[in-house]
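Inspection log for the structure reproduced underneath, given as structure tokens.
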Amino acid sequence: MKSIVVLISGSGSNLQAILDACSAGFIDGKVTAVLSNKANAYGLERAKKAGAAAIVLDHKAYPDRACYDQALIETIDQHQPDLVVLAGFMRILTPEFVQHYQGRLLNIHPSLLPKYQGLNTHQRAIDAGETEHGCSVHFVTAELDGGPVILQAKVPIFPEDDADTVAERVHEQEHRIYPLVVRWFCQNRLQQQSDKALLDGLLLSDHGYA
Ligand code: GAR
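Residue numbers (the UniProt record's numbering): 1 to 210.
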């Protein structure tokens, strides 16, 4: 069974989906620790309820990003993770951090990458007149929101939508695809080869598995 460490900054609904999938046996893994850079992140309560270590590492207590990421590495590595999962962890990571976990570092992003990297993705998609939007799970590389995509899910955008209604629709899909990708990883079916992702040894397209 794989050991999984999850990094969060907020509500942790994706963390919850992964915890549920682990306890249901859908994922052959165990979330051993949840780290948050914010002390008030609700996801910490979810972690405690599931019996995982709930750890706060406040970035404001460190002089710079490099020192913080080094402390993160040291804390994460105490749990000897096979996989590190970013689930709404709203921090830019140093290349040193990314390199340390290369091939075992996943992120979920609320857009159909490579579209709408960065923040406020739902509003930007609405403002651009998109009729389709979604979310992507990808391996993390040093390029922000730029690593190889493993799986995407699409949702429609309707004329009456606002950022909240779209976010809700995207969240529902996130809770489907993130546990599935973590399941694949824990089954040893996923690999990263620099800027490419492979499933069962087969190269995935730029949009991931389809
Ligand atoms: C999710 O929608 C995730 O895609 C997004 O934060 C939300 C966290 O929700 N991540 C990013 O924007 C990363 N750039 P959650 O705390 O309920 O899982």
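For glycine and all other residues, C-beta sits at the position ideal for the given N, C-alpha and C.
Look up residue i in the DSSP assignment and give the residues it is bridged to.
i	result
residue 191	198
residue 7	35 and 86
residue 56	36
residue 105	84
residue 205	208
residue 49	Residue 49 is not bridged to any residue.
residue 29	2
Quick one: using the 10 Å Cβ neighbour count with 16 as the cut-off for buried, is residue i buried or exposed?
i	result
residue 45	exposed
residue 168	exposed
residue 95	exposed
residue 47	buried
residue 201	exposed
residue 128	exposed
residue 186	buried
residue 72	buried
residue 41	buried
residue 188	exposed
residue 29	buried
Should the region 14-22 be regarded as contacting the region 179-188, the criterion being three or more beta carbon pairs within less than 8 Å? yes
Using a Cβ distance threshold of 8 Å, determine whether the region 6-16 contacts the region 69-88, with at least three qualifying pairs required. yes
In chain order, which continuous runs of the alpha helix (DSSP H) of length 4 or greater are located wholly inside the region 108-182? 121-127
Does the structure place the region 149-159 close enough to the region 98-118 that three or more beta carbon pairs sit under 8 Å? yes
Taking one C-beta from the region 186-196 and one from the region 140-149 each time, how about it: are there three or more such pairs within less than 8 Å? yes
Quick check: the region 50-62 against the region 19-37, are at least 3 beta-carbon pairs closer than 8 Å? yes
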